[in-house]
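There are 2 protein chains.
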Amino acid sequence: MPSSPSPAPPLRLGIAGLGTVGIGVVKIVQRHGPLLARRAGRPIEIAAVCASSRHKNRSADISAYGWEDDPVALARRDDVDLVIELIGGENGPAKATVEAALAAGKDVVTANKALLARHGQALAEAAEGAGRSLRFEAAVAGGIPVIKALGEGLAGNAMRRVMGVMNGTCNYILTRMESAGLPYETVFEEARQLGYLEADPELDVGGIDAAHKLALLAALAFGCRVDFDAIELQGIGAVSIQDIRLARDMGFAIKLLGVAQMTGRGLEQRMTPCLVPETHPLAQLDGGTNMVVIEGDALGQLVLRGAGAGEGPTASAVMGDVVDIARGLRLPVFGQPAASLVPAPPAAVSAAAPWYLRMVLLDKPGALAKIATVLGEAGISIDRMRQYGHDDAHAPVLIVTHKASSDDIRVALDGFAETGVLVGEPVAMRIEEV
Amino acid sequence: MPSSPSPAPPLRLGIAGLGTVGIGVVKIVQRHGPLLARRAGRPIEIAAVCASSRHKNRSADISAYGWEDDPVALARRDDVDLVIELIGGENGPAKATVEAALAAGKDVVTANKALLARHGQALAEAAEGAGRSLRFEAAVAGGIPVIKALGEGLAGNAMRRVMGVMNGTCNYILTRMESAGLPYETVFEEARQLGYLEADPELDVGGIDAAHKLALLAALAFGCRVDFDAIELQGIGAVSIQDIRLARDMGFAIKLLGVAQMTGRGLEQRMTPCLVPETHPLAQLDGGTNMVVIEGDALGQLVLRGAGAGEGPTASAVMGDVVDIARGLRLPVFGQPAASLVPAPPAAVSAAAPWYLRMVLLDKPGALAKIATVLGEAGISIDRMRQYGHDDAHAPVLIVTHKASSDDIRVALDGFAETGVLVGEPVAMRIEEV
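Same order as they appear, the protein sequences are chains A and B.
Sequential numbering of the first sequence, starting at 23, is according to my numbering.
Sequential numbering of the second sequence, starting at 23, is according to my numbering.
Pasting the structure below:
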């Protein structure tokens with residue numbers, strides 16, 4: 023507190039991992055020492071660092087800091103108060119480092135969404151049992167302070183829904199496919215050459231990275247245990263340039279959208295390509311930018327947009343947590359005591375929504391009638407339908423339905439297959455109502 | 023903390039003011055008791071309330087709470103730990119209530135932008151001297167947790183610029199003028215009949231309410247003392263439907279935009295109608311929604327969008343502060359100790375920007391040349407120029423300049439007047455680069 027008569031002791035950081043984000047943190051501490059001290063009420067210093075190679079060429083000078091080859095040893099150093107874990111990965115040294123830090127009575131800040139999506143409950147219990155902080159703003163949506171918003175600023179709300187576009191690489195690929203008129207495979211290859219993809223690209227384009235983030239948001243928003251396996255997961259590999267164009271023609275954009283929603287039937291969590299109305303901010307999100315939309319019962323809808331990755335934005339998120347801890351903020355990891363988090367009751371059936379259906383029909387009398395009959399029998403009514411001109415015997419047909427459950431849609435898709443009038447597989451994507 | 027063995031004592035609220043926001047707070051506390059207790063780590067209870075009339079018909083039952091006719095007496099009650107000031111007004115009972123609460127050793131949460139814009143420094147010193155919290159999330163941009171974002175989540179950044187559309191009534195009027203093609207006076211009257219305007223409408227349409235909010239954001243962002251009088255202030259009364267249409271024709275929307283920007287020449291603070299590119303989220307903001315854009319050196323650009331007013335959103339902001347205080351969070355009022363806040367060095371000249379200039383010229387040879395000469399002599403170069411068709415002797419001309427300082431623009435406007443070719447007054451509006 024400002025009224026404190028004697029200067030507060032510095033907060034001494036140990037940084038495990040000196041990749042892009044780690045170096046970004048080093049730079050902020052070096053650049054903004056006096057500013058950080060004024061804001062935090064005490065100096066913030068780097069005591070020691072750890073990475074795979076000490077003498078690698080880096081864009082910040084780390085020679086003044088202690089060095090450890092082993093992040094677990096870093097986590098146990100007596101001159102470290104707070105461990106920043108930037109190693110990554112859901113197991114291995116990252117997990118060992120966080121566990122060692124908490125066991126040694128140190129606070130932890132991490133950007134590791136995979137670790138928390140898999141082990142969040144156990145780590146939260148460990149942190150709270152030790153009376154330490156475990157904070158993870160940088161794990162979700164880069165520089166957007168969404169963990170703080172959900173866990174603190176919006177604490178007066180029962181949350182209704184949290185949505186987000188949280189993987190910049192996927193958003194880049196989808197928006198580039200549309201703007202350049204290129205197929206998925208071509209843009210995927212571009213993204214790889216630009217260095218936008220993880221070593222295992224499935225983490226990005228398979229939606230796994232974004233789903234890790236969604237699992238953390240859902241736990242915070244709904245007071246549930248993190249449950250990554252409950253997420254319905256579908257990547258962007260099957261999104262075609264044709265669907266992007268036809269969706270646009272109907273007034274929608276296709277996004278890899280994460281949605282966590284508490285319904286009467288339980289908690290729905292999905293990370294799938296969805297259509298969103300082109301007038302909503304989600305649809306207007308280009309390139310690597312991230313967006314999170316939060317709906318609370320008092321708040322209404324809050325939209326947060328910012329850089330989802332990169333040295334500066336992610337380091338900004340890390341430093342927000344560091345300053346909080348320097349100021350003495352102590353919060354339960356997921357916004358309420360870990361012991362009070364309930365297992366998320368997974369919703370067996372997702373909430374009803376309009377759907378986008380695209381199919382190719384044999385161009386013969388009665389084909390469309392058969393499709394319409396199947397929909398009617400499945401209890402699905404048609405909002406809009408377009409049959410596009412064609413030069414061969416294959417008629418492209420696009421249908422936007424009124425609200426239907428995913429079960430009803432599955433029934434309809436099975437029914438389509440039995441009609442014998444379809445060419446190839448139909449495409450079905452949910453239209454998220456925003 | 024969750025590891026605490028004995029239940030924590032409740033936090034007892036005293037609510038001064040039972041208008042829209044006060045009743046919203048009552049409803050949240052009544053509706054979400056167990057949820058709030060889980061999140062805050064202790065029960066949150068209403069001990070007493072105060073308003074101008076006890077028996078007015080209200081949409082929430084307040085009969086179980088203590089009653090005071092005098093808010094200062096409420097602030098001093100022994101059974102109140104935290105005073106929520108929702109009276110409003112920059113002096114009078116609101117100020118007396120906050121001062122009395124702090125003097126009595128109680129924490130304060132307020133939604134009162136006018137009070138803090140005028141007396142923020144003194145009240146911050148009083149709060150910090152007493153070791154109490156004074157928080158004001160609800161004072162700026164309704165449900166958007168922007169005070170928390172700026173003061174906490176983004177604490178690792180040196181801020182570059184904070185911008186916002188923070189008066190929903192003005193934004194409603196401007197967007198309605200465009201969508202309905204109606205003049206200012208007509209839409210103003212509509213807004214009055216819809217109850218969108220303050221008792222003194224100048225607070226809204228004169229930009230004063232929004233400027234109060236900007237003054238608070240600037241103090242937080244730049245570590246300066248709140249300095250409302252340093253804000254260059256211009257309301258929306260002079261914005262014409264013609265300018266809205268012509269700006270759109272050039273690819274811009276007109277917004278009442280607040281900007282606080284640290285420049286080499288000092289802190290620039292303005293709340294004026296500005297043009298923003300129609301592709302930016304600021305331009306796409308309709309009706310009563312608010313938006314705040316924050317630019318930090320590490321973060322890049324963060325955009326926050328949400329409801330700027332109303333019972334639920336504003337009460338949500340109040341409750342975020344209440345839960346923070348219940349959790350024991352203690353922060354300097356403006357993000358760093360009040361004693362360390364420096365007087366804002368006002369920038370005498372605003373940063374250079376492109377400008378929108380509209381004028382009507384006498385339709386005679388050489389008129390446009392005279393205007394172009396004046397601009398050239400003022401050192402202002404033209405980016406785009408359009409002369410519109412006309413049926414009389416008056417030629418409407420629209421110019422978008424390259425970057426120019428406000429001083430240069432003033433010189434040019436004076437020069438225009440001397441040419442003798444202008445009909446009426448020219449319009450000059452800054453184009454904010456986003």
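C-beta: ideal position from N, C-alpha, C; glycine also.
Within the same chain, Cβ atoms closer than 6 Å to the Cβ of B/I263 are found at M199 and P205, the five residues on either side in sequence being excluded. Ranked by Cα distance from B/A213, the first of B/G229, B/K235 and B/G190 is B/G190.
B/K277: member of the beta strand (DSSP E) spanning F274 to T285, first to last residue. Across the set A/A374, A/G388 and A/L444, the C-alpha of A/A374 shows the shortest separation from the C-alpha of A/D430.
For the pair B/P365 and A/G328, the Cα-to-Cα distance works out to about 31 Å. Collapsing the DSSP output to three states places B/M313 in a strand. By the Cβ neighbour-count rule, A/N134 is buried, with 16 or more other Cβ atoms within 10 Å of its own. Taking one beta carbon from each stretch, the segment 425-440 of chain A and the segment 266-277 of chain A have fewer than 3 pairs nearer than 8 Å; the two do not touch. In this structure the segment 159-175 of chain A lies against the segment 152-170 of chain B, because at least three pairs of beta carbons, one per stretch, are closer than 8 Å. Cβ contact annotation for A/A360 (same chain, cutoff 7 Å, sequence separation greater than five): Q143, A146, E147, E150 and P354, in chain order. Counting only runs that start and end inside the segment 90-156 of chain A, the beta strand (DSSP E) elements of at least 3 residues fall at 104-107 and 129-132. Fully enclosed alpha helix (DSSP H) runs of no fewer than 4 residues occupy 190-202, 206-215, 224-227 and 230-244 of the segment 180-267 of chain A, in order along the chain.
Listed in chain order, the non-local C-beta contacts of B/P368 below 7 Å within the same chain comprise A252, G288 and L289, local neighbours out to five positions each way being set aside. Contact with chain B is absent for A/V382, since none of that chain's Cβ atoms lies less than 9 Å from the residue's Cβ.
By the neighbour-count definition (other C-beta atoms within 10 Å, threshold 16), A/E455 is an exposed residue. Excluding the 5 residues flanking it on each side, A/D405 has same chain C-beta neighbours closer than 7 Å at P376, V422, T423 and H424, in chain order.
In terms of Cβ geometry, B/L137 and B/G110 form a close pair [threshold 9 Å]. Per DSSP, the continuous alpha helix (DSSP H) segment holding B/I393 begins and ends at A389 to E399. One thing to note: A/A439 has its Cβ no nearer than 9 Å to the Cβ of A/L397. Taking C-beta separations shorter than 7 Å and ignoring five residues to either side along the sequence, the partners of B/H234 in its chain run K135, A136, A139 and F250, following chain order.
The CB of B/V325 comes closer than 8 Å to the CB of V325, L326, R327 and G328 in chain A, given here in chain order. In the DSSP assignment, B/D405 falls within the unbroken beta strand (DSSP E) covering I404 to Q409. Between the segment 56-74 of chain B and the segment 331-348 of chain B, the count of C-beta pairs closer than 8 Å reaches three or more; the two stretches touch.
Per DSSP, A/R327 is one residue of the beta strand (DSSP E) stretching across G322 to A329.
Taking 9 Å as the threshold, the shortest C-beta distance from A/N179 to chain B falls below it. Residues of the segment 294-306 of chain A with a C-beta atom less than 9 Å from some C-beta of chain B are T301, P303 and Q306, listed in chain order.
Contact annotation, A/C72 with A/D91: C-beta distance approximately 7 Å; criterion of less than 8 Å satisfied. Under the 9 Å criterion on CB atoms, A/A243 is classed as non-interfacial with respect to chain B.
Closer than 9 Å to the CB of B/K170 there is at least one CB belonging to chain A. Contact check for B/V48 against B/A69 fails: the beta carbons are separated by 9 Å or more. Inclusion of A/L363 and A/R247 in the CB contact set at 9 Å is warranted, their separation being smaller than that value.
Around B/I50, the beta-carbon contacts reaching into chain A at under 9 Å are G178, N179, D319 and A320. A/L196 places its beta carbon less than 9 Å from that of A/I258. Listed along chain A, no residue sits closer than 8 Å to B/I266 by beta-carbon distance, the nearest being about 20 Å off. Counting along the chain, the unbroken beta strand (DSSP E) around A/L297 starts and ends at G288 to P299.
In this structure, B/D265 places its C-beta atom within 9 Å of the C-beta atom of B/Y378.
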